[in-house]
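In my numbering, the protein residues as written are 15 to 142.
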């Protein structure tokens, strides 16, 4: 097997591919949230259902970043952030819905935008 197809190369390629897929899913999620907020509140169901489908994409990111070879520090750090952001998304949305955090939905949207930036950065290899 040539060095071009080494394990770190494959891991980085998978990291970029999953990050690109996450980026596309997040753009779809923004679209669904926009429809729900501006035209048809019934779309909130799709918003909740869609995140349940794509949220798993963040789980392999830190593993693939680590397996991507040296240097791995910055890449792995940034690949861990989406895990925390997905958890934060749930906390912010649920606290806002419960009435315990008035600005929770605004922070939910802001965190989603930051998640999109991190995912896109991982997809293009910005943190390699």
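Cβ coordinates follow ideal geometry from the N, Cα and C atoms, glycine included.
Excluding the 5 residues flanking it on each side, residue 28 has same chain C-beta neighbours closer than 8 Å at 74 and 78, in chain order. Residue 53 has its alpha-carbon roughly 36 Å from the corresponding atom of residue 139.
Judged by beta-carbon spacing, residue 89 lies within the 8 Å limit of residue 82, meaning their Cβ atoms are closer than that value.
A distance below 7 Å between beta-carbons, with the five flanking residues on each side excluded, links residue 86 to the following residues of its chain, in chain order: 79 and 80.
Taking 8 Å as the upper bound for CB-CB distance, residue 130 and residue 37 are in contact here, some 7 Å apart. Counting the other Cβ atoms within 10 Å of the Cβ of residue 132 gives 16 or more, which makes it buried.
Ranked by Cα distance from residue 39, the options 55, 141 and 137 are led by 137.
In the three-state reduction of the DSSP assignment, residue 47 falls in the helix class. DSSP, reduced to helix, strand and coil, places residue 141 outside both helices and strands of the structure shown, so it counts as coil. The alpha carbon of residue 42 has as its nearest neighbour, out of 135, 126 and 107, the alpha carbon of 126. Under a 10 Å Cβ-count criterion, residue 106 is classified as buried, with 16 or more other Cβ atoms of the shown protein chains found around its own Cβ. The DSSP-derived three-state label of residue 114 is coil. When C-alpha distances from residue 59 are compared across 71, 98, 102 and 46, the shortest belongs to 46.
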